[in-house]
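Contents: one structure, followed by commentary.
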Amino acid sequence: LSRMPSHTTTPLLTRLATSEDKALREQAAWAIGSYGQQNPRELLGLFKAEKEPFVRLHLLGSIGRLGVPGGIAMLRKFSIAGDPVMLKTAAIKAAGKAPEAEARAFLEEALKSKEPEEIAEALQSLVGLGIAGEPYLDVARQAAASRHGRLMLVGLLALAIWRLTRKQHRQA
Numbered sequence: 016l017s018r019m020p021s022h023t024t025t026p027l028l029t030r031l032a033t034s035e036d037k038a039l040r041e042q043a044a045w046a047i048g049s050y051g052q053q054n055p056r057e058l059l060g061l062f063k064a065e066k067e068p069f070v071r072l073h074l075l076g077s078i079g080r081l082g083v084p085g086g087i088a089m090l091r092k093f094s095i096a097g098d099p100v101m102l103k104t105a106a107i108k109a110a111g112k113a114p115e116a117e118a119r120a121f122l123e124e125a126l127k128s129k130e131p132e133e134i135a136e137a138l139q140s141l142v143g144l145g146i147a148g149e150p151y152l153d154v155a156r157q158a159a160a161s162r163h164g165r166l167m168l169v170g171l172l173a174l175a176i177w178r179l180t181r182k183q184h185r186q187a
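In the working numbering, the protein residues as written are 16 to 187.
Here it is, written out as structure tokens:
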């Protein structure tokens, strides 16, 4: 449905996102983020009402991809101490897709986490937003101590090289 946009797609996805079937809600929650015609209040309402963690993860991703006004504030609520790492990492990843100016501050706060997954995701998201990675090299070196951090840093390095190559081509 998310690849066949029409005036009926959004209402249908919203109805599916409130289905009793958890798997259907998960798929609808993901698809909502692929189709940019969602009412932000309705999406935030779906998120607040949902109890299933994986549906909430997909809704967080959709909030980030759609650039829902107030979305970064919503993501901040799910990056507090005590929340599951998986949920906080999903919020960080979603922030990396958000167009809001406050995304950078949110991601830089995430770099202070004690969890290597969160730090690595924040680094990748910062570079993915087009922010130069040089100020974060010390954090990146520390994150490289974990297996997850090393895997994410390979992606970070690839993005940084791509960004540098692209910048050099533009100057030529």
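We put the beta carbon where it would ideally sit given N, CA and C, even for glycine.
* Could you give the residue range of the alpha helix (DSSP H) that holds SER140? -> 131 to 143
* Asked: Quick one: Cα of GLU130 to Cα of LEU61, how far?
  -> 28 Å
* Asked: The alpha helix (DSSP H) spanning LYS230 covers which residue range?
  -> Outside the displayed span of the chain (16 to 187) sits residue 230, for which this structure offers no information.
* To do: Give the range of the alpha helix (DSSP H) segment to which PRO26 is assigned.
  => 24 to 31
* Asked: Hey, SER140 and LYS108 are a contact pair by Cβ (cut 8 Å); roughly how many whole angstroms apart?
  -> The beta carbons of SER140 and LYS108 sit about 6 Å from each other, so the pair counts as a contact at 8 Å.
* Secondary structure of GLU67, DSSP reduced to three states -> coil
* **Member of ALA44, HIS73, VAL100 whose CA lies at the smallest distance from the CA of THR24** => ALA44
* To do: Below 7 Å CB to CB, which residues in the same chain sit around ALA113 once its five sequence neighbours on both sides are set aside?
  => GLY79, GLY82, GLY86, ILE87
* **Contact check, LYS92 vs ALA125, beta carbons under 9 Å** => no
* **Enclosing alpha helix (DSSP H) for LYS103 [first to last residue]** => Going by DSSP, LYS103 is part of the alpha helix (DSSP H) stretching over 100 to 110.
* Cβ-Cβ separation, VAL70 to ARG40 (assumed contact under 8 Å), whole Å -> 5 Å
* **Backbone CA spacing between LEU138 and LEU90 [nearest angstrom]** => 17 Å
* With distances taken between CB atoms, is the gap from GLU133 to VAL100 smaller than 9 Å? -> yes
* Assuming LEU152 and ALA105 make a contact with CB atoms under 8 Å, what is their CB distance in whole Å? -> Rounded, the Cβ-Cβ distance is 25 Å, inconsistent with contact.
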